[in-house]
Amino acid sequence: MIDNNYSLGFFPTPIHPLKNLSKKYTDYNIYIKRDDHTGLASGGNKTRKLEYLIKQALDKGCNTVITAGAQQSNHCRQTAAACAIAGLECHLLLGGTAPKTYDGNLLLSSMLGAHLHFTGKNRKGEDLELLTKDLEAHNKKCYVIPYGGSNITGALGFVNAVKELKDQLTEQNLNIDYIFFASSSGGMQAGLTLGIELYKLNTQLVPINIDKDETDGLSLEAIVLNIIKDGTLLLNIQKKFTIADIPLNRDYDNPGYGVLAQDEKLAIKELAMTEGILVDPVYTGRAFYGMLHTLKGKKLPANSNVLFWHTGGFPAIFKYSNELK
Ligand SMILES: Cc1ncc(COP(=O)(O)O)c(C=O)c1O
647 MIDNNYSLGF
657 FPTPIHPLKN
667 LSKKYTDYNI
677 YIKRDDHTGL
687 ASGGNKTRKL
697 EYLIKQALDK
707 GCNTVITAGA
717 QQSNHCRQTA
727 AACAIAGLEC
737 HLLLGGTAPK
747 TYDGNLLLSS
757 MLGAHLHFTG
767 KNRKGEDLEL
777 LTKDLEAHNK
787 KCYVIPYGGS
797 NITGALGFVN
807 AVKELKDQLT
817 EQNLNIDYIF
827 FASSSGGMQA
837 GLTLGIELYK
847 LNTQLVPINI
857 DKDETDGLSL
867 EAIVLNIIKD
877 GTLLLNIQKK
887 FTIADIPLNR
897 DYDNPGYGVL
907 AQDEKLAIKE
917 LAMTEGILVD
927 PVYTGRAFYG
937 MLHTLKGKKL
947 PANSNVLFWH
957 TGGFPAIFKY
967 SNELK
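Under the working numbering, the first residue of the sequence shown is numbered 647, with each subsequent residue one higher.
This is how it looks when you write it as structure tokens:
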């Protein structure tokens, strides 16, 4: 089942030390995993989920894929690219109203051939059912990908990612104590949690919450737990997970989704200017700030090996050009 995917990206993604940053924060050895290099229309973590979701869409004989997100959604941009490769029609439900000019991810989604539907205040797939009915009435066979590609099918991509990471760590004779990453729709967090249990990797996840709003009336912790429960059945995992097994650091989500705070901007520039690596203003910038703040505050044991899992988001930088220059 974990091998049953449709190849869309470049794996394994590199893992390497952040030497300059580790010299600055001398108590820690800092590493990075480069899912910004997964390919698929400029990379990102959704490539891993889409390899399983697109496979299922094709197996079910669907010819149309529908998904949803914000106008600067990386998930939507990568879904559009995956559909282009697989020969599927792609429909994206995007929050807000149609802007006069398209930029960042919105521009790329449009260039990749997706049909764009603007849905006002609904940015988390509230209108998916409505559009599906409409397209079915026009004889389309639809495959609906939930907000962020976050269900157990998509999460399998991150179960597999743990195996990839474990093999790399074995090869490099390395142990990682903490993994920091941006968690938003929950699929990545759920997949990593399942993968760590399945492949017995000795590490601790530090998911940084990005979006303080609920989805469908559920907290992110509840969403992650639901996906994990589906995963334990599918993967025959014996452990009974509870909400206590779902860590989520909510210290950094206060500015709100898509709002770039001053501290985040400084952290983005610090990484750019010490390591030549670009993180995005919505997800990875916030998660990276959360990690730096934790390290600066010496909140983890000295000499820990800390990994930042870079999940992409590069195109959104251009939407924030005034704030980042
Ligand atoms: C760049 C980036 N990082 C992290 C995430 C969070 O991943 P997940 O939605 O699986 O929690 C997203 C989700 O859209 C993203 O676009």
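A virtual CB, placed ideally from N, CA and C, is assigned to each residue, including glycine.
For clarity, every value in this text was computed on a predicted model and none was experimentally measured.
Residue from the options whose Cα sits closest to the Cα of residue i
| i | options | result |
| --- | --- | --- |
| ASP909 | GLY936, LYS679, ILE791 | GLY936 |
| LEU941 | LEU667, HIS662, HIS721 | LEU667 |
| TYR839 | TYR698, GLY685, LEU881, VAL925 | Reading the sequence as shown, one finds Thr at residue 839 and not Tyr. Cα-wise, what sits closest to THR839 is LEU881. |
| GLN884 | ASP682, SER755, LEU844, HIS683 | LEU844 |
| ASN675 | TRP955, PHE826, ASN951 | ASN951 |
| ASN895 | VAL925, HIS939, ILE873, ALA744 | HIS939 |
| ALA801 | ASN709, LEU871, GLU860 | LEU871 |
| LYS944 | CYS708, LEU753, ASP673 | ASP673 |
| ILE892 | VAL905, ASP859, GLN850 | GLN850 |
| ILE661 | LEU811, HIS761, ASP780 | LEU811 |
| TYR824 | GLY803, HIS763, LYS669, ILE854 | ILE854 |
| TYR652 | THR799, LYS809, ILE874, PHE764 | THR799 |
| CYS708 | LEU912, CYS788, LEU866, GLN818 | CYS788 |
| GLY670 | LYS971, LEU946, GLU916 | For clarity, residue 670 is Lys in the given sequence; the question names Gly instead. With distances taken between Cα atoms, LYS670 lies closest to GLU916. |
| ASN751 | VAL928, LYS971, TRP955, ASN968 | VAL928 |
| SER796 | LYS786, ASN768, ASP862, HIS784 | ASP862 |
| LEU654 | TYR698, PRO663, TYR793 | TYR698 |
| ALA744 | LEU970, GLY766, ILE731 | GLY766 |
| LYS706 | GLU775, VAL790, ALA687, THR747 | VAL790 |
| THR659 | ILE648, ASN650, GLY685 | GLY685 |
| ILE874 | LEU696, VAL805, ILE822, GLN718 | VAL805 |
| LEU754 | ALA868, GLY832, ALA918, ALA728 | ALA728 |
| PHE954 | GLY841, ALA760, LEU664 | LEU664 |
| LYS695 | VAL852, GLY833, ILE923, MET919 | GLY833 |
| SER967 | GLU817, ASP649, LEU906 | LEU906 |
| ASP682 | THR710, GLN724, GLN718, MET647 | GLN724 |
Enclosing alpha helix (DSSP H) for residue i [first to last residue]
| i | result |
| --- | --- |
| ALA760 | Premise fails: ALA760 is in no alpha helix (DSSP H) and is neither H nor E. |
| GLU697 | 692-705 |
| LEU970 | 967-970 |
| HIS662 | No alpha helix (DSSP H) holds HIS662; the beta strand (DSSP E) holding it covers 661-663. |
| LYS915 | 908-921 |
| ASN806 | 798-817 |
| ASP780 | 774-783 |
| LEU934 | The sequence given here places Phe at residue 934; Leu does not occur at that position. Residues 930-942. |
| GLY837 | 833-845 |
| GLN724 | 720-732 |
Residue i: first and last residue of the uninterrupted beta strand (DSSP E) it sits in
| i | result |
| --- | --- |
| THR710 | 710-715 |
| VAL790 | 788-790 |
| SER829 | 824-829 |
| ASN1010 | An answer regarding residue 1010 cannot be provided, because it is not within the stretch 647 to 971 covered by the chain. |
| HIS737 | 735-740 |
Any non-hydrogen atom of ligand 1 within 7 Å of residue i CB
| i | result |
| --- | --- |
| GLN702 | no |
| GLN717 | no |
| ASN855 | no |
| GLN835 | yes |
| GLY806 | Checking the sequence shown, residue 806 turns out to be Asn, not Gly. Flag unset: Cβ of ASN806 not near ligand 1. |
| THR930 | yes |
| HIS683 | no |
| ASN720 | yes |
| ALA868 | no |
| SER829 | yes |
| GLY794 | yes |
| THR957 | yes |
| ASN785 | no |
| ASN691 | yes |
| ASP926 | yes |
| GLY832 | yes |
Beta-bridge partners of residue i, as assigned by DSSP
| i | result |
| --- | --- |
| ASN675 | ASN951 |
| LEU881 | Bridge partners of LEU881: none, in fact. |
| GLY766 | GLY742 |
| ILE854 | ALA828, ASN895 |
| LEU864 | THR861 |
| ARG680 | HIS956 |
Integer Cβ distance of residue i from residue j, believed to fall under 8 Å
| i | j | result |
| --- | --- | --- |
| ASP749 | PHE964 | 6 Å |
| GLY690 | GLY931 | Not a contact, Cβ separation roughly 14 Å. |
| ASP773 | LEU739 | 5 Å |
| PHE934 | ILE914 | 7 Å |
| VAL808 | LEU847 | 6 Å |
| HIS737 | HIS763 | 6 Å |
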